[in-house]
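Going by the working numbering, the sequence shown opens with residue 41, and the numbers climb by one from there.
Backbone N, C-alpha and C fix where the C-beta goes; we use that ideal spot for every residue, glycine too.
All remarks here apply to the structure that follows.
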Amino acid sequence: MQTVSEHDVIVVGAGPGGATTATALAQQGHDVLLMDRQAFPRDKICGDAVSLGCIEIMRGLGMGPRIDAAIARGEFYPLSGMRLVGPSGHTLSANFHGGPNGEQSLVAPRIYFDAVIQQQAVESGVRFVQAEVKEPIVEDGRVVGVLARQDGDTKAFRARVVVGADGVTSSIMRALRPEPEQHVDKHRAVALRAYIEDIELYPHEVEFFLYDDILPGYAWIFPIGENVANIGLGMRLDRFRALKKNLKKMLQDFLAMPDTSRRLKNGGKLRDVAIWQLSFGSQKHMRHVFDGALLVGDAAGFINPLTGGGIHNALISATLAADTIDAALRTGDTSRESMLIYEQRCHDEMWDGMQKSYFYQRVLLNYPRVVDLLIRYLGRHGGVAQTFLSKL
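Encoded structure:
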């Protein structure tokens, strides 16, 4: 098969993790091909919450003007705080701290958010190609490129390093990671997202709802504008299957609860209802580095087990991956042994947080009454509440 092009790095998947990896590598002077099966801008199923840590990483890569412009256009919605509602209806509120230069956490629909990073990648010198990657090309045990469908034909693209950033169903991950290292159900989740109109909101505050039928998961209402919000719910996959739940019915039940139904105008208008699965970063002994390839973001399984959030960890892993690949390319050694430092650095940056989050998740599952007591206690001790919520 004829090779279409050759590059220093091919990044498969132009979501936050992939586009950030590509941006950083291009800014370090490397020839990078970024591939995605969809043209941009495009929607992506997500809760759309973007933490302050994400914004700081993005600004560090030169995306500040794009972020500010998106906020000015109303595409990104700044946040000032959060509400946590317990199983018995007790509520805990906390303010978010801003960054040193006034940065704020955001709710940013992925159709806008992902486009900001993808555009920055292209502006930084990355070549973007719309193609569906089917599998890595492996020669003598080393990844040397990818096979992709483009314009109805299967084509070969070659590179010194391939980055799998193509999400939880990653074709790169499935081909390279052994079957025993695939995620099991207790380290996975299933979630539903919709957008709702005509709902009364707490301006600039995200809301989390914990109740018995969904623990150790939660429901959420994240505002994206006046009377418009990202709404959804998620729960651990093993519990979801054991209880034989239906996510769409669960959403209707959530909308019928007193704390939500009273806020709906004209019954609330739902659109873009969609379901997806997530893989947590709490499962042990997962390989992220291979000869000539590595995984970032959701493809690696770096999703927070408690919140279900993956964007911040995707950006953290992207910057670590870019630094690792940059060093490997400069030494001429892109073997697993040479790039194994990436796994250690990801472990150092994220593993403790993943384990703590998984511990809290188990508490929610096994001791729901303790959750109520904790919320009531924290509600009477504002400083402690702020510290606790900052760890979520």
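- Taking every protein chain shown into account, the CB of H325 has fewer than 16 other CB atoms within 10 angstroms, so this residue is exposed.
- In the DSSP assignment, G93 falls within the alpha helix (DSSP H) that extends over 92-100.
- In this chain, D388 is not harboured by any beta strand (DSSP E), its DSSP state being neither H nor E.
- Counting along the chain, D299 sits inside the alpha helix (DSSP H) bounded by residues 298-301.
- Remark: C-beta atoms of R376 and E245 do not approach each other more closely than 8 angstroms.
- Non-local C-beta neighbours of P118 in its own chain, meaning closer than 7 angstroms and more than five positions away in sequence, comprise I111, Q144, L146, H244, ordered along the chain.
- Nearest in C-alpha terms to I271, of all of K174, I97, F249, R233, is R233.
- Just so you know, the alpha carbons of M103 and V156 end up roughly 8 angstroms apart.
- Beta bridge pairing from DSSP links V51 with L74, V203.
- 8 angstroms or more divides the Cβ of S210 from the Cβ of L360.
- Between L405 and R200, the gap from beta carbon to beta carbon reaches 8 angstroms or more.
- Membership of I212 in the alpha helix (DSSP H) is indicated by the continuous run 211-216.
- The Cβ atoms of D180 and V52 do not sit closer than 8 angstroms to each other.
- Annotated as proximal: F197 and V44, with beta-carbon spacing under 8 angstroms.
- The bridge partners DSSP lists for D191 come to none.
- Under the three-state reduction of DSSP, S378 is assigned to helix.
- In the DSSP assignment, Y242 falls outside any beta strand (DSSP E) and carries neither an H nor an E.
- The alpha-carbon of Y398 is positioned some 7 angstroms away from that of S322.
- DSSP places R370 in the helix class (H, G or I) of the three-state scheme.
- Taking a C-beta distance under 8 angstroms as the contact criterion, D154 and G87 do not qualify as a contact pair.
- For G350, there is no enclosing beta strand (DSSP E), since its DSSP letter is neither H nor E.
- For G57, the enclosing alpha helix (DSSP H) covers residues 56-67.
- Closest in alpha carbon position to D193, among I177, V184, G204, V173, is V173.
- Residues R123 of the same chain have their beta carbon placed closer than 6 angstroms to that of S133, with the five preceding and five following residues left out of the count.
- Taking a C-beta distance under 8 angstroms as the contact criterion, G274 and A339 do not qualify as a contact pair.
- Ranked by Cα distance from G142, the first of I107, T374, K285 is I107.
- Counting only the Cα atoms, D412 lies some 44 angstroms from Q78.
- Residue burial annotation: N135 is exposed, with fewer than 16 other C-beta atoms found within 10 angstroms of its C-beta.
- For D252, there is no enclosing beta strand (DSSP E), since its DSSP letter is neither H nor E.
- Around the beta carbon of S301, a 10 Å sphere encloses fewer than 16 other beta carbons of the protein chains shown; the residue is thus reported as exposed.
- Judged by DSSP in its simplified three-state form, I365 adopts helix.
- Distance check between D331 and each of A109, D253, G204, L346 places G204 closest, using alpha-carbon atoms only.
- The beta-bridge partner set that DSSP reports for Y117 consists of V147.
- Per DSSP, the continuous beta strand (DSSP E) segment holding P176 begins and ends at 172-179.
- L291 places its beta carbon 8 angstroms or farther from that of N267.
- Taking a C-beta distance under 8 angstroms as the contact criterion, P408 and P220 do not qualify as a contact pair.
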